[in-house]
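Undergrad: Mapping of the sequence shown onto this note's numbering: position 147 corresponds to residue 1095, and the numbering continues sequentially without gaps. For glycine and all other residues, C-beta sits at the position ideal for the given N, C-alpha and C.
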Amino acid sequence: MKTFVAYILLFLSFVLLSSCATFNGVKPRGVARIKHYDFYSPDLPKSFDGLEVAFISDLHYKSRFGDRRLRKLVSTLDRIEADVLLMGGDYKEGCGDTVRVLFSALGKVGTTYGKYAVLGNNDYESCCDEVRQAMARNGITLLEHRLDSLSAEDGGMIYICGIGNPFDMRGYGTPPLGGLGKDDFVIMLVHTPDYVQDIGCDIVDIAFAGHTHGGQVTLFGLYAPVIPSKYGQRFRRGLKYTDSGVPVYVSNGIGTSGPKVRMFAPSEIMVVTLHCGNGRP
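#1: With C-beta atoms as the reference, is ALA1030 less than 8 Å away from VAL1001?
#2: Going by the beta-carbon positions, is the gap between LEU1091 and GLY1119 smaller than 8 Å?
#3: Between ASP1071 and the rest of its own chain, which residues show a CB-CB distance below 7 Å, the 5 nearest in sequence each way excluded?
#4: CB ALA1213 to CB VAL1165, shorter than 8 Å?
#5: Excluding sequence positions up to five away, which residues of its chain have a Cβ less than 7 Å from the Cβ of GLY1087?
#6: Residues bridged to TYR1197 by DSSP?
#7: On the CB-based measure, 16 or more other CB atoms within 10 Å of its CB, does LEU958 come out buried or exposed?
#8: Using CA coordinates, which residue listed in HIS1139, ASP1102, ASP1132 and MET1105 is at the minimum distance from HIS1093?
#9: Would you list, in sequence order, the uninterrupted alpha helix (DSSP H) runs of no fewer than 4 residues that lie entirely inside the segment 962-1040?
#10: From ILE1106 to TYR1197, what distance separates their C-alpha atoms?
#11: Between the alpha carbons of GLN1081 and LYS1188, how many angstroms are there, rounded?
#12: I want to check one thing, is the minimum distance from the CB of THR970 to the heavy atoms of the ligand ZN below 7 Å?
#13: Hey, out of LEU1098, GLY1103, ASP1191 and CYS1043, whose CA is closest to ASP1077's CA?
#14: Within this structure, are the beta carbons of VAL1219 and THR1190 separated by less than 8 Å?
#15: Going by beta carbon distance, what residues of the same chain come within less than 6 Å of ASP1096, once the five residues before and after it are set aside?
#16: Using CA coordinates, which residue listed in LYS1010, THR1024, SER1005 and LEU1125 is at the minimum distance from ASN972?
#17: Let's see if you can read the secondary structure: which residues bound the alpha helix (DSSP H) around GLU1073?
#18: Please work out which residues of its chain come closer than 8 Å, Cβ to Cβ, to GLY1148, disregarding the five sequence neighbours upstream and downstream, and give them in chain order.
#19: Whole angstroms are fine: how far does the CA of ILE982 sit from the CA of LYS975?
#20: Secondary structure at TYR1143, three-state DSSP: helix, strand or coil?
#21: In terms of residues, what are the limits of the beta strand (DSSP E) holding VAL1134?
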C-alpha cells in the first residue's frame, strides 16, 4: 500500500512540474504551461528551418479565462517571440465588448509572419460576423476554408490550410489545398482533430487542432470521462497521428466550457519548432 501511495505522489509531482513548463526561459503567465515540440520534415524549405509556430485554442473568454489572464497571455506570447501565431477557435463566451476586447488584445501579439485563425463551433453559434470583423480590424488573418502561404526571401514557401466549419462535412469536407502536392510543406489549422482523421489526406505535413480541452477534467491526466470526440481518447491531447500518418498537435486549450474547472488537463500554449530533415541530427 505504501508503495502504491508513493507512486501516486511521484506521478502527481511529475504532473505538477510539467504543468509549469517554460520555453526558452519564458515562464507561462495566463496559462499553466508552455508545451514545446520539435518537428522534422524533409518537405520543409531550408529557409524555414527553425521556424517557431505558437498555437492557442479554446480561450472561451470570459469563462475561467478573464481580463487579467488575457493580459498575461498576450505578454507571454510576446516574450515567446514566435514567428507565426495560429489560433484554433472557440474564442469567446459572449458578444459585443467581449469580442472587441479579446481581439484587440490578441492583435497586439508581435510575430514575423503574422497571425492566422480558424473558427470553432462556439464562434459559429453566435455573433460570428462580429468575430470576423474584429479579426480583420486587428490584423488577424481568418482562414475560413482557404489557403494562404508564408514566403521567404529565397523563394521558399510553406502553406497554411485553414478549415471552415469542420462539423459540416458536406460543405467543408474537401480541404482547400488547390494544386498542392506531397512535396509541398502544408500546415492544416482546424478546430477539431476529428476532421484530420476523417478526411484521410496525406498531403498535409502537420496539423493543429483544439476542441477537446485535453478532456478538461481527467483522472490523473490518463483518462477523460467526457471528451468531445467520436474517437474517444485517441485525439485527446498532445501529438497524435491519423491513420494516414498525419501528425496532429492537439491543444488542451486555455479556457473552460461547461464546468468552470480543469483537473490534470493544464491550460497551455503550444510551441512547435520546425526543422528540415527526417529526424534529430
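TA: In terms of the structure at hand:
#1: Remark: C-beta atoms of ALA1030 and VAL1001 approach each other more closely than 8 Å.
#2: No, the pair does not count as a contact, with Cβ atoms beyond the cut-off.
#3: In chain order, GLY1037, ASP1038, TYR1039 and VAL1079 place their CB closer than 7 Å to the CB of ASP1071, counting only its own chain and leaving out the 5 sequence neighbours on each side.
#4: Yes, these two residues count as a Cβ contact at 8 Å.
#5: Cβ neighbours of GLY1087 beyond the five flanking positions: GLY1055 and LYS1063.
#6: PHE1156 and LEU1187.
#7: Because the pLDDT of LEU958 is 40, which lies under 50, any placement of that residue in the model is unreliable, and the question is left without a value.
#8: Here the closest residue by C-alpha is HIS1139.
#9: Listed in chain order, they are 1015-1028.
#10: Cα-Cα distance, rounded: 18 Å.
#11: Cα to Cα, the separation comes out at about 33 Å.
#12: Summarising the ligand content, the structure contains no ligands, and the ligand ZN is consequently not present.
#13: Selected option, being the one with the closest Cα: CYS1043.
#14: No; because the gap between Cβ atoms is not below 8 Å, this pair is not in contact.
#15: Hits under 6 Å: ILE1108.
#16: Closest option to ASN972, Cα to Cα, is THR1024.
#17: Note, GLU1073: alpha helix (DSSP H), 1069-1073.
#18: Contacts found: THR1190, ASP1191 and SER1192.
#19: One alpha carbon belongs to LYS975, the other to ILE982, and they sit about 8 Å apart.
#20: In the structure shown, TYR1143 sits in a helix (DSSP, three-state: H, G or I).
#21: Start and end: 1134-1137.
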